[in-house]
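Numbered according to our numbering, the sequence shown spans residues 2 to 126. Even glycine gets a Cβ: it sits at the ideal position worked out from N, Cα and C. Given the structure is predicted, the values throughout are model-derived calculations rather than measurements. Inspection log for the structure reproduced underneath, given as structure tokens.
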Amino acid sequence: MIMIENNTGNLVEVTVQGALQEGDFKDLAQRADALIEKYGHVRIMVDVSRFEGWENFEAAERHFDFVRRHHENVERLAVIAGHAWQHWMAAMGGVFLHPEVKVFDPAQREDAKRWALAGGRIAAE
């Protein structure tokens, strides 16, 4: 399940829980596309500390398709990771993707939000 909030301009706050399903990315793509249309870029803070993988191959494929289609319009990606494998995956993604990526522990949620909003082109409401 993906829960989406947007409280600060072009920052999208996302919480991922459990196994992702194929349909989870529809709302996220619509929200990201609307903010990209408005601001030209987005910043994402995603909490994956309770992420358990994908329900099936199609869900993983939809996830990677979302990343492929949107990563060039993401300026910063703050990842809140609760497990070592999540830290590793986020760090590897940072090597191949456009946005600046930084990984935080769950206790550093406010630090993650501050970092996501700092520097570069900040778009406010």
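Residue 48 in three-state terms, based on DSSP: The answer is strand: DSSP assigns residue 48 an E or B state.
Please determine, among 78, 24 and 37, the residue with the shortest C-alpha to C-alpha distance to residue 110. Residue 78 holds the alpha-carbon nearest to the alpha-carbon of residue 110 among 78, 24 and 37.
Sub-8 Å separation of residue 33 and residue 72 beta-carbons: no
Quick check on the burial criterion: 16 or more other C-beta atoms within 10 angstroms. Buried or exposed for residue 100? buried
Have a look at 85, 62, 42 and 36 and flag the residue whose alpha-carbon is nearest the alpha-carbon of residue 26. 62
Is residue 129 helix, strand or coil when you go by DSSP? Residue 129 is absent from the structure shown; the chain starts at 2 and stops at 126.
What is the DSSP secondary structure of residue 57, counted as helix, strand or coil? coil
How many angstroms separate the CA atom of residue 3 from the CA atom of residue 74? 20 Å
Selection from 115, 84, 76 and 9 that minimises the alpha carbon distance to residue 41: 76
With the cut-off set at 8 Å, would you say residue 81 and residue 28 are in Cβ contact? no
Can you check which of these residues, 52, 22 and 64, is closest to residue 84 by C-alpha distance? In terms of Cα proximity to residue 84, the closest of 52, 22 and 64 is 52.
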